[in-house]
Structures are given as C-alpha cells and as structure tokens.
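Participant:
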Amino acid sequence: MKKTLIFAALSGAFVATAHAQSSVTLYGLIDAGITYTNNQGGHSAWQETSGSINGSRWGLRGTEDLGGGLKAIFTLENGFGINNGTLKQNGREFGRQAFVGLAHDSFG
Numbered sequence: 045m046k047k048t049l050i051f052a053a054l055s056g057a058f059v060a061t062a063h064a065q066s067s068v069t070l071y072g073l074i075d076a077g078i079t080y081t082n083n084q085g086g087h088s089a090w091q092e093t094s095g096s097i098n099g100s101r102w103g104l105r106g107t108e109d110l111g112g113g114l115k116a117i118f119t120l121e122n123g124f125g126i127n128n129g130t131l132k133q134n135g136r137e138f139g140r141q142a143f144v145g146l147a148h149d150s151f152g
C-alpha cells in the first residue's frame with residue numbers, strides 16, 4: 045500500500061513538471077574597437093573604444109508556459125562599458141530593457 049502511494053505521488057510530480065515548460069536565456073554582446081587618429085601636426089594616437097557600433101550588453105530573456113496558449117515573458121538587459129565595467133544608461137542596472145508581459149499563441 046505504501047509503495048503504491050509513493051509511486052503515485054512521484055509520478056504525479058513528474059507529470060506536473062513535464063507540462064509546464066519554461067526557459068531562461070542568458071545572452072550578450074561585447075563591442076570593442078581601436079581608433080587611430082592622425083592630425084596635420086604630426087601627432088597620432090591609438091585608442092581603445094567601447095560601443096563603437098553597438099553598445100556592449102548582457103541580458104536575461106525568459107518564458108513560462110501558463111497553459112492554454114498563454115505564456116508569461118520577461119526581458120532584463122544591462123548595458124556596460126568594457127573599458128572599466130561601468131553601467132550605462134545613467135547607472136541603471138537593467139537600463140536598456142526591463143519588462144514583464146503576457147503572450148498568447150493566437151495574438152502574439
């Protein structure tokens with residue numbers, strides 16, 4: 045009797061976790077460049093630059109299946125300088141993007 049009850053409880057737990065799908069993705073981009081400047085006075089300089097084309101960033105993006113075609117979604121994205129690691133967007137931790145929302149298969 046006890047073995048059957050334990051098996052039923054464990055199999056029920058696995059069914060619940062298999063139904064609810066969730067995912068979290070860690071992503072990022074590092075943009076670094078080297079600039080060479082030369083002027084008429086004969087002076088020149090090499091300089092390492094951060095964010096020459098796109099700003100350097102890292103973020104977390106995720107979804108949680110709520111059932112019935114409905115999903116909870118979120119994105120947290122941080123911008124930073126590669127020269128010294130300082131936060132961009134006026135020092136806000138997730139200043140590039142930060143949102144939570146709902147998505148449905150029928151509506152997007």
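No gaps in the numbering here: position 24 of the sequence shown is 68 in the working numbering, and each next residue is one more. Built from N, CA and C at the ideal position, the CB exists for glycine as well. Being a predicted model, the structure only gives us computed values, none of them experimental.
1. Mind checking Ile50: buried by the 16 CB within 10 Å criterion, or exposed?
2. Helix, strand or coil: how does DSSP classify Phe138 here?
3. Could you give the DSSP three-state label for Lys115: helix, strand or coil?
4. Pull up the distance between the alpha-carbon of Gly135 and that of Gly72, whole angstroms please.
5. Output needed for Ile74: all residues of its chain with C-beta closer than 7 Å, excluding positions within five of it in sequence on either side, in chain order.
6. I need the DSSP call for Ser94, collapsed to helix, strand or coil.
7. From which residue to which residue does the beta strand (DSSP E) around Leu131 run?
8. Sort Gly111, Lys132 and Ser88 by Cα distance to Ser94 and report the nearest one.
Facilitator: In short:
1. Here residue 50 refers to the residue found at position 6 of the sequence shown. Residue placement at Ile50 is poorly supported in this model, since its pLDDT is 45, which falls under 50; the coordinates still yield a value, given next. Exposed.
2. Taking the sequence shown and counting its residues from 1, one reaches residue 138 at position 94. Reduced to three states, the DSSP call for Phe138 is coil.
3. Reading the sequence shown from its first residue, position 71 is the one you call residue 115. Lys115: strand per DSSP, three-state reduction.
4. Within the sequence shown, residue 135 is the residue found at index 91, counting from 1. Within the sequence shown, residue 72 is the residue found at index 28, counting from 1. When rounded, the distance between both Cα atoms is 18 Å.
5. Position 30 of the sequence shown, counted from the start, is the residue given in the question as residue 74. Ser100 and Ile126.
6. Taking the first residue of the sequence shown as position 1, residue 94 is located at position 50. It is a strand residue.
7. On the sequence shown, residue 131 is found 87 positions in, with the first residue counted as 1. No residue range can be given for Leu131, since it is assigned to no beta strand (DSSP E) and is classified by DSSP as neither H nor E.
8. Sequence index remark: in the sequence shown, residue 94 carries index 50 (1-based). When each option's Cα is compared against that of Ser94, the closest is Lys132.
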